[in-house]
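Okay, so the sequence shown: first residue is 830 according to the working numbering, each after it adds one.
Shown next, in structure tokens, is the structure this report addresses.
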Amino acid sequence: MGERVMSALKLVHAPKREELVPGLRLAEYLRRLGVLDMVREGKLIALLNGRSVGAKELENVVLRERDAITILRPVVGG
830 MGERVMSALK LVHAPKREEL VPGLRLAEYL RRLGVLDMVR EGKLIALLNG RSVGAKELEN
890 VVLRERDAIT ILRPVVGG
């Protein structure tokens, strides 16, 4: 016990701030933030309400008023 576990993820601050608009597709929201391509390439991870959203799902997810979006960057090493 007592082992130290290093996080493999780092919270990312998007290049821009964008209000969440209910009814907008997640892909469009990420595009407006300037991170869509990086999420599609796997350089960033998008979480919607704590659940990872795959690149193939981005176009199908429609945002709701109380959704929480988190952008993470996988970190190599520690």
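For glycine and all other residues, C-beta sits at the position ideal for the given N, C-alpha and C.
Everything numeric in this text was worked out from a predicted model, so none of it was measured.
CA nearest to the CA of residue i, picked from the options
{"i": "L849", "options": "L877, V904 and V882", "result": "L877"}
{"i": "A884", "options": "G852, R893 and A856", "result": "A856"}
Environment of residue i [buried if 16+ CB atoms lie within 10 Å]
{"i": "A897", "result": "exposed"}
{"i": "V882", "result": "buried"}
{"i": "V868", "result": "buried"}
{"i": "V864", "result": "buried"}
Residue i - DSSP class collapsed to helix/strand/coil
{"i": "E848", "result": "coil"}
{"i": "P903", "result": "strand"}
{"i": "A884", "result": "coil"}
{"i": "V868", "result": "helix"}
CB-CB length for residue i against residue j, believed under 8 Å
{"i": "P851", "j": "E894", "result": "5 Å"}
{"i": "L892", "j": "Y858", "result": "6 Å"}
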